[in-house]
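**Student:** Let me give you the structure first, and then I'll get to my questions.
Chains as they are written, first to last, in this note's numbering: chain P, 17 to 125; chain L, 200 to 313.
See below:
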């Protein structure tokens with residue numbers, strides 16, 4: 017059974033800082049891991065998909081890495097902005113994806 | 200492309216009533232899933248399907264039924280609604296195998312059971 021843990025549960029940082037969100041998972045027999053963003057009261061927006069053959073993906077100020085052997089993924093956000101404030105969700109899986117409880121990020125202006 | 204369409208967006212039910220949450224996608228995705236999201240519990244998988252005619256249980260399947268008669272549609276049925284089923288429900292879909300470019304989510308259905 018896949019279990020996903022995200023650390024920290026909440027994070028507040030001043031604008032402009034670089035930050036790292038962590039995700040660990042128990043079942044490494046996956047091909048994909050997806051990072052999502054969710055704003056309060058809204059749906060999920062896909063940020064990045066990492067396939068195990070790629071190990072890393074970048075989109076703008078976001079960079080996600082995947083280490084299947086250790087069951088870990090990280091989401092790196094560079095030069096954070098107040099608009100980055102949201103909950104970030106990690107979801108490993110293929111035919112189905114299982115979510116962690118997320119990291120609530122607050123960027124202070 | 201409409202993507203993943205969920206209807207209705209809001210619903211209030213009385214305890215014991217039945218209803219079906221609709222989910223449709225126009226991307227010819229093989230994989231489809233239903234989730235519920237509750238404060239402090241995150242998103243939990245209810246049921247999922249890897250193709251027409253094939254469904255399986257997720258983490259919290261009790262009280263819910265699904266069927267997948269077509270590739271496009273994956274309805275979620277509540278047979279006898281309970282207050283514990285008050286939640287926000289999300290449907291998602293994806294291609295399978297090497298064409299899996301990640302999941303696309305619908306905008307959600309907010310269900311209140313009184």
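Where is the CB? At the ideal position from N, CA and C, for every residue including glycine. What you are looking at is a predicted structure, and each value in this text was computed from that prediction instead of being measured.
Secondary structure at residue 241 of chain L, three-state DSSP: helix, strand or coil?
**Tutor:** Mapped onto the second chain, residue 241 of chain L falls at position 42. Note: residue 241 of chain L maps to strand in three-state DSSP.
**Student:** What separation, rounded to the nearest whole angstrom, lies between the Cα atoms of residue 93 of chain P and residue 63 of chain P?
**Tutor:** As a first step, residue 93 of chain P is located in the first chain; it is residue number 77 there, counting from the start. As a first step, residue 63 of chain P is located in the first chain; it is residue number 47 there, counting from the start. Approximately 11 Å between the Cα atoms of the pair.
**Student:** Quick one: which chain L residues come within Cβ less than 7 Å of residue 114 of chain P?
**Tutor:** As a first step, residue 114 of chain P is located in the first chain; it is residue number 98 there, counting from the start. The contacting residues are 244.
**Student:** Candidates L/255, L/303, L/275, L/282: which alpha carbon is nearest residue 221 of chain L's?
**Tutor:** The count along the second chain starts at 1 and reaches residue 221 of chain L at position 22. Of L/255, L/303, L/275, L/282, the residue nearest in Cα terms is L/275.
**Student:** Go through the stretch 23-72 of chain P residue by residue and report every complete run of the beta strand (DSSP E) that reaches 3 residues or more, in order.
**Tutor:** Fully enclosed beta strand (DSSP E) runs of 3 or longer: 26-30, 35-41, 48-54, 60-67.
**Student:** Taking the alpha-carbon positions, what's the residue 106 of chain P to residue 303 of chain L distance?
**Tutor:** Residue 106 of chain P sits at position 90 when you count from the first residue of the first chain. Residue 303 of chain L sits at position 104 when you count from the first residue of the second chain. Cα to Cα, the separation comes out at about 14 Å.
**Student:** Does the distance from the CB of residue 85 of chain P to the CB of residue 33 of chain P come in under 7 Å?
**Tutor:** For the purposes of this step, residue 85 of chain P is identified with residue 69 of the first chain, where counting begins at 1. For the purposes of this step, residue 33 of chain P is identified with residue 17 of the first chain, where counting begins at 1. The answer is no: Cβ separation not under 7 Å.
**Student:** Which bits of chain L does residue 50 of chain P rub up against, with CB to CB less than 8 Å?
**Tutor:** Against the first chain, residue 50 of chain P aligns to sequence position 34. 301, 302, listed in chain order.
**Student:** Note down, in chain order, each residue of its chain lying with its Cβ closer than 7 Å to the Cβ of residue 211 of chain L, except the 5 sequence neighbours on either side.
**Tutor:** For the purposes of this step, residue 211 of chain L is taken as the residue at position 12 of the second chain. Closer than 7 Å at Cβ, skipping near neighbours: 311, 313.
**Student:** Could you list the residues in the stretch 231-259 of chain L with a C-beta less than 7 Å from some C-beta on chain A, going in chain order?
**Tutor:** This model lacks chain A altogether; the protein chains it does include are P and L.
**Student:** Can you pull the chain P residues whose beta carbon is under 7 Å from the beta carbon of residue 307 of chain L, in chain order?
**Tutor:** Within the second chain, the letter at position 108 stands for residue 307 of chain L. Residues of chain P passing the Cβ test: 59.
**Student:** Where residue 47 of chain P and residue 110 of chain P are concerned, what is the direct C-alpha to C-alpha distance, given to the nearest angstrom?
**Tutor:** In the first chain, counting from the first residue as 1, residue 47 of chain P sits at position 31. In the first chain, counting from the first residue as 1, residue 110 of chain P sits at position 94. Cα to Cα, the separation comes out at about 6 Å.
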